[in-house]
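The next block holds one structure in the form of structure tokens; read it before the comments.
Number of protein chains: 2
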Amino acid sequence: MASAFVSYHACYNISYSLAKDIHYLSKLKLPKFNIRGNGSTSAVTKIRASTVSTVPHVIENVDMDLKQTRQNIPTTKQFVDPHRQGSIIENGVRYRQLVVIRSYEVGPDKTATLESILNLLQETALNHVWMSGLLGDGFGATHGMVRNDLMWVVSRLQLQVEDYPIWGEVLQLDTWVGASGKNGMRRDWELRSQATGVVFARATSTWVMMNKRTRRLSKMPDEVRAELSPWFIEKQAIMEDTPEKMKKLDDTAKHGTSSLKAKRSDLDMNHHVNNVKYVGWMLETMPDEFMEQYQLCNIILEYRKECGSSDIVQSLSEPDEENRTTDESLRSLNGMQIKYTHLLQTKGEVKNEEIVRGRTTWRKKHSKMPFPM
Amino acid sequence: MASAFVSYHACYNISYSLAKDIHYLSKLKLPKFNIRGNGSTSAVTKIRASTVSTVPHVIENVDMDLKQTRQNIPTTKQFVDPHRQGSIIENGVRYRQLVVIRSYEVGPDKTATLESILNLLQETALNHVWMSGLLGDGFGATHGMVRNDLMWVVSRLQLQVEDYPIWGEVLQLDTWVGASGKNGMRRDWELRSQATGVVFARATSTWVMMNKRTRRLSKMPDEVRAELSPWFIEKQAIMEDTPEKMKKLDDTAKHGTSSLKAKRSDLDMNHHVNNVKYVGWMLETMPDEFMEQYQLCNIILEYRKECGSSDIVQSLSEPDEENRTTDESLRSLNGMQIKYTHLLQTKGEVKNEEIVRGRTTWRKKHSKMPFPM
Numbered sequence: 041m042a043s044a045f046v047s048y049h050a051c052y053n054i055s056y057s058l059a060k061d062i063h064y065l066s067k068l069k070l071p072k073f074n075i076r077g078n079g080s081t082s083a084v085t086k087i088r089a090s091t092v093s094t095v096p097h098v099i100e101n102v103d104m105d106l107k108q109t110r111q112n113i114p115t116t117k118q119f120v121d122p123h124r125q126g127s128i129i130e131n132g133v134r135y136r137q138l139v140v141i142r143s144y145e146v147g148p149d150k151t152a153t154l155e156s157i158l159n160l161l162q163e164t165a166l167n168h169v170w171m172s173g174l175l176g177d178g179f180g181a182t183h184g185m186v187r188n189d190l191m192w193v194v195s196r197l198q199l200q201v202e203d204y205p206i207w208g209e210v211l212q213l214d215t216w217v218g219a220s221g222k223n224g225m226r227r228d229w230e231l232r233s234q235a236t237g238v239v240f241a242r243a244t245s246t247w248v249m250m251n252k253r254t255r256r257l258s259k260m261p262d263e264v265r266a267e268l269s270p271w272f273i274e275k276q277a278i279m280e281d282t283p284e285k286m287k288k289l290d291d292t293a294k295h296g297t298s299s300l301k302a303k304r305s306d307l308d309m310n311h312h313v314n315n316v317k318y319v320g321w322m323l324e325t326m327p328d329e330f331m332e333q334y335q336l337c338n339i340i341l342e343y344r345k346e347c348g349s350s351d352i353v354q355s356l357s358e359p360d361e362e363n364r365t366t367d368e369s370l371r372s373l374n375g376m377q378i379k380y381t382h383l384l385q386t387k388g389e390v391k392n393e394e395i396v397r398g399r400t401t402w403r404k405k406h407s408k409m410p411f412p413m
Numbered sequence: 041m042a043s044a045f046v047s048y049h050a051c052y053n054i055s056y057s058l059a060k061d062i063h064y065l066s067k068l069k070l071p072k073f074n075i076r077g078n079g080s081t082s083a084v085t086k087i088r089a090s091t092v093s094t095v096p097h098v099i100e101n102v103d104m105d106l107k108q109t110r111q112n113i114p115t116t117k118q119f120v121d122p123h124r125q126g127s128i129i130e131n132g133v134r135y136r137q138l139v140v141i142r143s144y145e146v147g148p149d150k151t152a153t154l155e156s157i158l159n160l161l162q163e164t165a166l167n168h169v170w171m172s173g174l175l176g177d178g179f180g181a182t183h184g185m186v187r188n189d190l191m192w193v194v195s196r197l198q199l200q201v202e203d204y205p206i207w208g209e210v211l212q213l214d215t216w217v218g219a220s221g222k223n224g225m226r227r228d229w230e231l232r233s234q235a236t237g238v239v240f241a242r243a244t245s246t247w248v249m250m251n252k253r254t255r256r257l258s259k260m261p262d263e264v265r266a267e268l269s270p271w272f273i274e275k276q277a278i279m280e281d282t283p284e285k286m287k288k289l290d291d292t293a294k295h296g297t298s299s300l301k302a303k304r305s306d307l308d309m310n311h312h313v314n315n316v317k318y319v320g321w322m323l324e325t326m327p328d329e330f331m332e333q334y335q336l337c338n339i340i341l342e343y344r345k346e347c348g349s350s351d352i353v354q355s356l357s358e359p360d361e362e363n364r365t366t367d368e369s370l371r372s373l374n375g376m377q378i379k380y381t382h383l384l385q386t387k388g389e390v391k392n393e394e395i396v397r398g399r400t401t402w403r404k405k406h407s408k409m410p411f412p413m
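These protein sequences, in sequence, are chains A and B.
Note that our numbering has the first sequence beginning at 41, numbered continuously upward.
Note that our numbering has the second sequence beginning at 41, numbered continuously upward.
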């Protein structure tokens with residue numbers, strides 16, 4: 041199956057450019073792969089915690105059995121998950137989950153927050169891997185990846201929001217994967233209203249593998265390709281244009297906040313600052329008056345480096361020059377969009393290091409919200 | 041049904057003591073109430089946005105109809121909610137919902153965070169009201185409360201955690217309500233493992249009504265009592281001891297953080313700082329080394345005043361004197377608990393105003409977590 045995701049961040053200690061590495065990887069001619077799997081995992085050895093002596097062995101087996109009972113991670117492909125309300129559809133490759141927008145997932149306007157939507161993307165990606173029977177660790181790595189000491193790192197994420205779901209709304213969230221170059225994976229999502237079928241949001245992301253020990257990007261091993269490729273489909277949620285180059289902001293940026301620091305509660309189960317927190321930091325610089333009038337309709341994130349829990353982070357953002365020179369009356373016309381560039385970086389004594397660059401597009405909020413304000 | 045909750049905070053602009061008011065209310069002799077409802081809302085007029093002229097009327101009706109289609113709030117009692125996986129059980133009064141702990145609801149140790157548990161309490165309370173057909177607004181007020189311009193305010197919340205659910209674990213979360221004195225309501229919760237039936241957590245809370253215009257606490261009107269009382273049951277999730285008096289901390293407290301301020305993303309759909317954020321602020325002062333070794337097993341919150349989005353908040357906490365004098369070797373014994381007192385207050389130019397007082401109890405974390413760390 042599909043694998044995916046999980047901690048939306050390029051990892052730490054990469055001393056060279058992730059972008060350059062990805063470019064290099066996409067040029068590599070890999071041996072033609074041999075499909076050894078068909079989505080079933082019958083050939084996959086059940087992974088147990090490594091053991092060093094007899095007594096720890098027993099304890100660890102007990103722990104893993106307890107974990108298995110409580111968490112119930114399947115070791116073979118499942119088609120229906122009644123608890124998560126998920127199912128595998130479309131010839132066994134696409135994952136669909138029903139979700140209801142909860143009371144604490146909405147903001148003051150009673151529509152789902154951007155953070156909630158990003159959280160749901162993460163959740164369904166992991167559940168897709170879970171359903172595949174391939175989940176080798178908590179971060180979306182397959183058994184083959186675990187055997188090869190590999191983890192996923194995300195290099196790019198784009199989310200387009202047509203409309204925001206409201207509190208209590210029932211949604212269908214679909215996700216699927218495809219090949220991205222020779223060594224990468226694309227993961228897409230589509231979020232619809234269950235009642236009307238109307239699309240609320242679409243997203244796409246690109247993933248590469250990194251060796252956990254060397255912290256270097258890796259080619260996709262054949263055994264991992266055999267696990268993943270039966271799940272790959274061509275369909276794309278967002279048609280790719282030639283990606284526009286994102287300029288790098290500096291201290292002259294119009295809006296900025298420094299001294300952001302991860303709190304204990306910002307760390308995810310990978311002990312990293314979560315991608316969703318990054319987006320929160322990015323948007324914290326936006327002026328209040330702007331956020332009251334505009335809503336985000338597109339965000340593109342390019343990940344460069346992970347931020348550790350002790351890093352001090354600076355968030356910069358700047359509206360496009362053309363927005364600023366546009367006459368206010370024009371800007372307020374329905375359909376007129378405003379664009380911003382963003383940068384999160386760590387402030388080092390010697391040099392700053394980029395964590396993520398972003399581009400956001402904003403449109404005027406509907407004058408009539410689904411709820412009286 | 042039951043009503044309950046939603047924004048876990050006493051409201052703003054109360055110029056007198058909430059505690060005193062609650063005391064006064066509990067002494068009032070109210071006329072014996074007349075049960076007019078039986079949980080059905082056939083007699084309840086459907087609420088529409090108030091209208092001032094013909095054109096807005098039409099627009100508002102369209103809006104309300106759209107909202108109804110998208111959100112689908114029932115106007116009569118429902119017994120099963122397939123989307124939220126909720127049902128009304130136990131002679132039609134207790135609400136049970138199945139929930140799965142999601143990947144972003146756990147911390148670095150892969151167990152559900154305190155914030156996630158509190159969020160789920162809020163969510164199930166609201167869904168209980170939703171199922172009752174009595175939901176009059178987004179904050180858990182009944183139709184009768186909306187007609188009387190009343191809202192819920194929470195005065196006390198206690199949560200006991202036996203054990204923390206892990207990532208992917210399937211839970212049964214039950215909630216129900218009872219009378220609290222003459223004019224208040226008690227809402228309780230019980231959180232169990234679906235697989236084993238073991239109780240993870242229990243919670244209880246006390247609610248009173250406040251007039252939205254005058255910002256004064258209110259007696260429970262007969263029509264509201266008629267809506268709520270058919271849902272009241274005696275059973276309590278946590279047996280009440282005589283509540284211990286919480287001392288008020290001052291600037292001499294051992295740990296403290298000042299200049300906390302709500303961010304845009306901290307505001308809930310009631311435009312207030314959410315209770316869960318309060319708890320986050322409260323625990324932010326706790327030392328890292330302590331939090332690595334200990335886990336919270338009991339928290340009691342006493343709400344005094346709501347904090348506005350522009351308030352600057354100070355968080356203070358202090359371990360009990362007896363903890364500090366206890367020998368370290370004793371403290372580390374399994375079962376030895378550590379207690380803290382907490383205070384959140386706004387720092388005013390003239391005087392500080394209390395938002396919430398808290399007491400927490402902590403025990404050593406299990407040496408063996410369900411996941412390898």
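Just so it is clear, CB atoms sit at the ideal spot from N, CA and C, and this is done for glycine as well.
Integer Cβ distance of B:G414 from A:W207, believed to fall under 8 Å: The structure shown has nothing for residue 414 of chain B, since chain B only spans 41 to 413.
Reduced DSSP secondary structure (H/G/I, E/B, other) of B:H382: For the purposes of this step, residue 382 of chain B is taken as residue 342 along the second sequence, with counting starting at 1. Strand at B:H382.
Residue interval of the alpha helix (DSSP H) (run including B:A165): Residue mapping note: residue 165 of chain B aligns to position 125 of the second sequence, counting from 1. Residues L154 to S172.
Proximity to A:F272 [Cα-Cα], best of A:Q162, A:V140 and A:G224: Your numbering for residue 272 of chain A matches position 232 in the first sequence. Of the candidates A:Q162, A:V140 and A:G224, A:G224 places its Cα closest to the Cα of A:F272.
Touching by the beta-carbon criterion (3+ pairs, under 8 Å), the stretch 113 to 126 of chain B and the stretch 283 to 295 of chain B: They do not touch, by the three-pair rule.
Chain D contacts made by the stretch 216 to 245 of chain A, where a contact means CB separation under 9 Å: Protein chains A and B are contained in the structure displayed, whereas chain D is not.
Endpoints, the beta strand (DSSP E) within which B:I301 is located: On the second sequence, residue 301 of chain B is found 261 positions in, with the first residue counted as 1. As written in the sequence, residue 301 of chain B is Lys, which differs from the Ile given in the question. Taken as a continuous stretch (DSSP letters only), the beta strand (DSSP E) holding B:K301 covers H295 to K301.
Residues from the stretch 278 to 310 of chain B in contact with chain A, defined by Cβ distance under 9 Å: Of all residues in the stretch 278 to 310 of chain B, K303, R304, S305, L307, D308, M309 and N310 have a Cβ within less than 9 Å of some Cβ in chain A.
Bounding residues of the beta strand (DSSP E) (the contiguous stretch that carries A:A241): By 1-based counting over the first sequence, the position of residue 241 of chain A is 201. First-last of the beta strand (DSSP E) with A:A241: V239 to N251.
Interfacial residues, the stretch 146 to 167 of chain B to chain A, with Cβ spacing under 7 Å: Close to chain A, meaning a Cβ-Cβ distance shorter than 7 Å, are the following residues of the stretch 146 to 167 of chain B: V146, G147, P148, K150, T153, E155, N159, Q162, E163 and L166.
Chain-ordered neighbours of B:W207 on chain A, where CB pairs are closer than 8 Å: To locate residue 207 of chain B, count along the second sequence from 1; it is residue 167. Going along chain A in sequence order, the residues near B:W207 (Cβ under 8 Å) are Q111, G178 and M309.
Inter-stretch contact (C-beta, 8 Å, three-pair minimum) for the stretch 180 to 196 of chain A and the stretch 245 to 259 of chain A: Contact check between the stretch 180 to 196 of chain A and the stretch 245 to 259 of chain A: three or more CB pairs, one atom from each, fall below 8 Å, which counts as touching.
Chain B contact residues for A:Y318, given Cβ-Cβ distances below 8 Å: To locate residue 318 of chain A, count along the first sequence from 1; it is residue 278. Simply none; closest approach about 13 Å.
Limits of the unbroken beta strand (DSSP E) element including B:A266: The residue given as residue 266 of chain B occupies position 226 in the second sequence. B:A266 -> not in any beta strand (DSSP E); alpha helix (DSSP H) instead, spanning D262 to L268.
Test: A:N314 CB closer than 9 Å to a CB of chain B: Here residue 314 of chain A refers to the residue found at position 274 of the first sequence. At least one CB atom of chain B sits nearer than 9 Å to the CB of A:N314.
C-beta neighbour in chain B for A:W402, strict 9 Å: Mapped onto the first sequence, residue 402 of chain A falls at position 362. Judged by the 9 Å Cβ criterion, A:W402 is not in contact with chain B.
Per DSSP, the bridge partner or partners of A:W402: Within the first sequence, numbered from 1, the residue matching residue 402 of chain A stands at position 362. In the DSSP output, where bridge partners are listed per residue, A:W402 has A:L336 and A:I378.
9 Å Cβ cutoff, A:T81 in contact with chain B: On the first sequence, residue 81 of chain A is found 41 positions in, with the first residue counted as 1. Any answer about A:T81 is weak, because its pLDDT of 28 lies below 50 and its placement is not dependable; what the coordinates show is given next. No Cβ of chain B is located within less than 9 Å of the beta carbon of A:T81.
Short CB-CB distance (under 9 Å) between A:Q333 and chain B: For this step, residue 333 of chain A is matched to residue 293 along the first sequence. Not an interface residue.
Inter-residue Cα distance where the pair is B:V264 and B:V390: Taking the first residue of the second sequence as position 1, residue 264 of chain B is located at position 224. Taking the first residue of the second sequence as position 1, residue 390 of chain B is located at position 350. So the alpha carbons of these two residues sit roughly 40 Å apart.
Simplified DSSP assignment, three categories, for B:T182: On the second sequence, position 142 is the one that residue 182 of chain B refers to. Secondary structure of B:T182 (DSSP, three-state): strand.
Residue nearest to A:L213 in terms of C-alpha spacing, selected from A:W402, A:Q137, A:V319 and A:N131: Here residue 213 of chain A refers to the residue found at position 173 of the first sequence. Out of A:W402, A:Q137, A:V319 and A:N131, A:Q137 has the C-alpha closest to the C-alpha of A:L213.
Three-pair Cβ contact test at 8 Å for the stretch 151 to 166 of chain B versus the stretch 110 to 123 of chain B: Short answer: they don't touch.
Beta-carbon proximity list for A:V140, same chain, < 8 Å, skipping 5 on both sides: For the purposes of this step, residue 140 of chain A is identified with residue 100 of the first sequence, where counting begins at 1. If the five residues before and after A:V140 are omitted, its C-beta is found closer than 8 Å to the C-beta atoms of G208, E209, V210 and L211, all from its own chain and listed in chain order.
Backbone secondary structure at B:V390 - three-state DSSP: Here residue 390 of chain B refers to the residue found at position 350 of the second sequence. DSSP places B:V390 in coil when its eight states are reduced to three.
Bridge-paired residues (DSSP) for B:P114: As a position in the second sequence, residue 114 of chain B is number 74, starting the count at 1. Paired residue(s): none; B:P114 is not in a bridge.
Exposure label - B:G237; buried when at least 16 CB within 10 Å: Here residue 237 of chain B corresponds to residue number 197 of the second sequence, with the count starting at 1. So B:G237 ends up on the exposed side.
Any C-beta of chain A under 9 Å from that of B:S143: Looking up residue 143 of chain B in the second sequence gives position 103. Judged by the 9 Å Cβ criterion, B:S143 is in contact with chain A.
Expected contact under 8 Å - CB spacing of A:H295 and A:E346 to nearest Å: Along the first sequence, read from residue 1 onward, the residue named residue 295 of chain A stands at position 255. Along the first sequence, read from residue 1 onward, the residue named residue 346 of chain A stands at position 306. That pair is no contact at about 24 Å.
Nearest-angstrom Cα separation, counted from A:G320 out to A:K341: Locating residue 341 of chain A in the first sequence gives position 301, where the first residue counts as 1. Locating residue 320 of chain A in the first sequence gives position 280, where the first residue counts as 1. It is worth fixing the name first, because residue 341 of chain A is Leu in this sequence and not Lys. Each residue's alpha carbon lies about 13 Å from the other.
Where A:E324 meets chain B, residues with beta-carbon distance less than 7 Å: Translated into positions along the first sequence, residue 324 of chain A becomes position 284. Going along chain B in sequence order, the residues near A:E324 (Cβ under 7 Å) are K303.
Range of the contiguous alpha helix (DSSP H) that encloses A:E324: Looking up residue 324 of chain A in the first sequence gives position 284. Note, A:E324: alpha helix (DSSP H), N315 to E324.
Classification of B:M279 by the beta-carbon crowding that lies within 10 angstroms, buried from 16 upward: Counted from its first residue, the second sequence places residue 279 of chain B at position 239. Exposed: under 16 other Cβ atoms inside 10 Å.
Presumed contact (8 Å Cβ cut-off) between A:E394 and A:L383, rounded CB distance: Here the question's residue 394 of chain A lines up with position 354 in the first sequence. Here the question's residue 383 of chain A lines up with position 343 in the first sequence. About 7 Å separates the beta carbons of A:E394 and A:L383, which is inside the 8 Å limit, making them a contact pair.
As assigned by DSSP and simplified to three states, the class of B:L4: With chain B represented from 41 up to 413, any question about residue 4 of chain B goes unanswered, as that position is not in the structure.
Any chain A beta carbon closer than 9 Å to B:A138: Your numbering for residue 138 of chain B matches position 98 in the second sequence. As written in the sequence, residue 138 of chain B is Leu, which differs from the Ala given in the question. At least one chain A Cβ lies under 9 Å of B:L138.
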